[in-house]
Amino acid sequence: MASIRPINDKIVIKRLEADNTTKGGIVLPDSAKEKPKEGRVLAVGAGRVLDNGERAAFQVKKDDRVIFSSYAGTEIKLDGEEYLILEENDILAIVT
Amino acid sequence: MASIRPINDKIVIKRLEADNTTKGGIVLPDSAKEKPKEGRVLAVGAGRVLDNGERAAFQVKKDDRVIFSSYAGTEIKLDGEEYLILEENDILAIVT
Amino acid sequence: MASIRPINDKIVIKRLEADNTTKGGIVLPDSAKEKPKEGRVLAVGAGRVLDNGERAAFQVKKDDRVIFSSYAGTEIKLDGEEYLILEENDILAIVT
Amino acid sequence: MASIRPINDKIVIKRLEADNTTKGGIVLPDSAKEKPKEGRVLAVGAGRVLDNGERAAFQVKKDDRVIFSSYAGTEIKLDGEEYLILEENDILAIVT
Amino acid sequence: MASIRPINDKIVIKRLEADNTTKGGIVLPDSAKEKPKEGRVLAVGAGRVLDNGERAAFQVKKDDRVIFSSYAGTEIKLDGEEYLILEENDILAIVT
Amino acid sequence: MASIRPINDKIVIKRLEADNTTKGGIVLPDSAKEKPKEGRVLAVGAGRVLDNGERAAFQVKKDDRVIFSSYAGTEIKLDGEEYLILEENDILAIVT
Amino acid sequence: MASIRPINDKIVIKRLEADNTTKGGIVLPDSAKEKPKEGRVLAVGAGRVLDNGERAAFQVKKDDRVIFSSYAGTEIKLDGEEYLILEENDILAIVT
Numbered sequence: 000m001a002s003i004r005p006i007n008d009k010i011v012i013k014r015l016e017a018d019n020t021t022k023g024g025i026v027l028p029d030s031a032k033e034k035p036k037e038g039r040v041l042a043v044g045a046g047r048v049l050d051n052g053e054r055a056a057f058q059v060k061k062d063d064r065v066i067f068s069s070y071a072g073t074e075i076k077l078d079g080e081e082y083l084i085l086e087e088n089d090i091l092a093i094v095t
Numbered sequence: 000m001a002s003i004r005p006i007n008d009k010i011v012i013k014r015l016e017a018d019n020t021t022k023g024g025i026v027l028p029d030s031a032k033e034k035p036k037e038g039r040v041l042a043v044g045a046g047r048v049l050d051n052g053e054r055a056a057f058q059v060k061k062d063d064r065v066i067f068s069s070y071a072g073t074e075i076k077l078d079g080e081e082y083l084i085l086e087e088n089d090i091l092a093i094v095t
Numbered sequence: 000m001a002s003i004r005p006i007n008d009k010i011v012i013k014r015l016e017a018d019n020t021t022k023g024g025i026v027l028p029d030s031a032k033e034k035p036k037e038g039r040v041l042a043v044g045a046g047r048v049l050d051n052g053e054r055a056a057f058q059v060k061k062d063d064r065v066i067f068s069s070y071a072g073t074e075i076k077l078d079g080e081e082y083l084i085l086e087e088n089d090i091l092a093i094v095t
Numbered sequence: 000m001a002s003i004r005p006i007n008d009k010i011v012i013k014r015l016e017a018d019n020t021t022k023g024g025i026v027l028p029d030s031a032k033e034k035p036k037e038g039r040v041l042a043v044g045a046g047r048v049l050d051n052g053e054r055a056a057f058q059v060k061k062d063d064r065v066i067f068s069s070y071a072g073t074e075i076k077l078d079g080e081e082y083l084i085l086e087e088n089d090i091l092a093i094v095t
Numbered sequence: 000m001a002s003i004r005p006i007n008d009k010i011v012i013k014r015l016e017a018d019n020t021t022k023g024g025i026v027l028p029d030s031a032k033e034k035p036k037e038g039r040v041l042a043v044g045a046g047r048v049l050d051n052g053e054r055a056a057f058q059v060k061k062d063d064r065v066i067f068s069s070y071a072g073t074e075i076k077l078d079g080e081e082y083l084i085l086e087e088n089d090i091l092a093i094v095t
Numbered sequence: 000m001a002s003i004r005p006i007n008d009k010i011v012i013k014r015l016e017a018d019n020t021t022k023g024g025i026v027l028p029d030s031a032k033e034k035p036k037e038g039r040v041l042a043v044g045a046g047r048v049l050d051n052g053e054r055a056a057f058q059v060k061k062d063d064r065v066i067f068s069s070y071a072g073t074e075i076k077l078d079g080e081e082y083l084i085l086e087e088n089d090i091l092a093i094v095t
Numbered sequence: 000m001a002s003i004r005p006i007n008d009k010i011v012i013k014r015l016e017a018d019n020t021t022k023g024g025i026v027l028p029d030s031a032k033e034k035p036k037e038g039r040v041l042a043v044g045a046g047r048v049l050d051n052g053e054r055a056a057f058q059v060k061k062d063d064r065v066i067f068s069s070y071a072g073t074e075i076k077l078d079g080e081e082y083l084i085l086e087e088n089d090i091l092a093i094v095t
């Protein structure tokens, strides 16, 4: 099976299904679910090239659970699976 | 319970309810309240990467009460709580 | 009472009432007053972060009477008082 | 026969036909095929000139199978064959 | 009387009345005058802050007669007199 | 006869007629010809000035046969001949 | 008589009348003349300030006959004569 290696400041994300429980644990019906903006990092690139020729270090790493701007990035499909390719600037935070 | 760790120049904010008392202490009814533009800093990132490869230091820190541009940032919801993720440039001032 | 500490290149301004006397000292009625574009500097930030990691020095300081671009900045209200938060680039000149 | 040598940060791509099998191996009819966003790298330029006068290294190299932003780049035709000329920033990931 | 001290790359200009004589010395009626695009420099700021932290030197100085882009800058009024505040980039040339 | 010397990152191009044979050598009628996007480099400038004060080296040189973005550049006419003046960034590749 | 000294990267140009002879020397009537895009350099500024504080050297000099982008620059009139003030980036080539 093929795997995807993002370049420079690109990051490959697998969207997470929105959690259908509220804080208090009540299960919501499907229609009340929010559009998911969370994902799991599958792979990160080598980093953006700075003006001094070096690459910026990433703050996110493989397996991080991240929150990203909705509508950011490009949807791709490989071997029937859907992925999202973002730039690090589209990542807002890491959920731990 | 999950916690949120913002990256780079991102900042996680919890909006403060607009104070419903005027300078002189008179309590205003709900309909006269202004849209709140204040919040409490919950977490700050590691700082924006500069062209020399270092990271810019933040001026705001955890627990600061801050004023920010209205409509700036991205609203997120985690464990049923609403947060706002801003960039430091959206923060105008610290209230002390 | 709360006080406001602007960050980075932000500046807190208190608008000055437009002077309702002309050069020759004639008092104009209220309807002839111009929109005020002057203010008093209440506080300045620590300065914009340059690409070399240092902060640019401000040319304006607390108590300066300044002229600024009309419509620039964000209006805020704290303890019932109105303030304007500008960036230094919105300041045109200091009146001495 | 003529060959093409891209300059600076340009990359010459030969589009790959979209794979008409799904993950499970079922062959889809032609009308169900997706617009291909994959290609094979034929040649890369010498790299973008940085502000320090050096050239940024490429992460993709000849023969890499790459995923790129749809609609990016310029279509050219040489000796009856169609090619796509992209910039490295249009490349999202390498498929390995 | 108040005086104006521009900051950074700002310049205070007093517009010059358009000269109502042609090259050959013929006086034109008022309606044929062109919109004046010339002025006298009253004061210059300390210069724009460069990325290395220093300030760019100005090429114009107090009392220079300058040509500037029409519609550039901000009109201000102080003590009943009108002035124009420009940035150095709006100045095209010095007339000597 | 006058000659043209481009400055900085400018390049003077003489458009090439589109080749009216297909890969297999069949001659197409005039109406089926594509808009030519190829040209011959007549002259290159001294190079774009970088932030360190030096000039970026060109990758194209006199007599190169190049492919460029359609609609890029400025058409000029000198001594009755038509030329195209491009910037190096408009050049996609060199055909060898 | 007044003379014009351009600042920074500005250049003062005197438009040249379009040459009303074709390559072969045939004189065209006035209505067939092209809009002139050529001029003679009267004066150049001191050069654009680079990020290292130095000024970029000009490639054009006084008396050069130059080709420039049509519609670029600002038309001025001094002592009844019309001039064009351009930036060096508007100059495409020098005709020699």
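Residue numbers (numbering that gives the first Met the number 0), protein chains in the order written: chain A, 0 to 95; chain B, 0 to 95; chain C, 0 to 95; chain D, 0 to 95; chain E, 0 to 95; chain F, 0 to 95; chain G, 0 to 95. From the three backbone atoms N, C-alpha and C, an ideal C-beta is built for every residue, glycine too.
Using DSSP bridges, identify the partner residues of residue i.
i: Glu16/D; result: Answer is none; Glu16/D lacks a bridge partner.
i: Gly38/E; result: Arg14/E, Val65/E
i: Ala92/A; result: Ile66/A, Pro5/B
i: Val43/A; result: Ile10/A
i: Lys60/E; result: Lys60/E pairs with nothing; no bridge assigned.
i: Glu81/C; result: Lys76/C
i: Glu86/B; result: Lys9/B
At the level of alpha carbons, what is the spacing between residue i and residue j?
i: Ala71/C; j: Glu87/C; result: 11 Å
i: Ala96/E; j: Glu37/F; result: Because chain E here runs from 0 to 95, residue 96/E falls outside it and cannot be looked at.
i: Val94/A; j: Gly79/A; result: 27 Å
i: Leu49/D; j: Gln58/D; result: 16 Å
i: Asn7/E; j: Gly52/A; result: 31 Å
i: Lys60/A; j: Leu91/F; result: 35 Å
i: Glu81/G; j: Leu77/E; result: 34 Å
i: Asp62/D; j: Leu83/C; result: 58 Å
i: Thr75/A; j: Ser69/A; result: What sits at residue 75/A in the sequence shown is Ile, not Thr. Spanning the two alpha carbons is a distance of roughly 16 Å.
i: Thr73/A; j: Ile12/B; result: 28 Å
i: Arg54/F; j: Arg54/E; result: 24 Å
i: Ser2/C; j: Arg47/E; result: 31 Å
i: Arg14/G; j: Asp89/G; result: 14 Å
i: Lys32/C; j: Glu16/C; result: The pLDDT assigned to Lys32/C is 46, lower than 50, so where the model puts this residue is not dependable, and the model offers no usable value.
i: Leu85/A; j: Ile66/B; result: 30 Å
Is the beta carbon of residue i less than 9 Å from the beta carbon of residue j?
i: Val10/F; j: Ala45/F; result: Residue 10/F is actually Ile in this sequence, not Val. For Ile10/F and Ala45/F, no; Cβs fall outside 9 Å.
i: Arg64/E; j: Val40/E; result: yes
So the beta strand (DSSP E) residue i belongs to, where does it begin and stop?
i: Ile6/C; result: No beta strand (DSSP E) holds Ile6/C; DSSP gives it neither H nor E.
i: Glu53/C; result: Note, Glu53/C: premise wrong, no beta strand (DSSP E); not H, not E.
If you measure from the beta carbon of residue i to each beta carbon in chain J, is any gap under 9 Å?
i: Ala71/G; result: This model lacks chain J altogether, as its protein chains are A, B, C, D, E, F and G.
- Could you please tell me which residues of the region 47-63 of chain A, in chain order, have their CB closer than 7 Å to any CB of chain B? The residues in question are Leu49, Asp50, Asn51, Glu53, Ala55, Gln58, Val59.
- Could you list the residues in the region 3-16 of chain C with a C-beta less than 7 Å from some C-beta on chain B, going in chain order? Ile3, Arg4, Pro5, Ile6, Asn7, Lys9, Val11
- Query: For the region 69-93 of chain E, which residues have a beta carbon sitting closer than 7 Å to at least one beta carbon of chain G?
  - Reply: Ile90, Leu91, Ala92, Ile93
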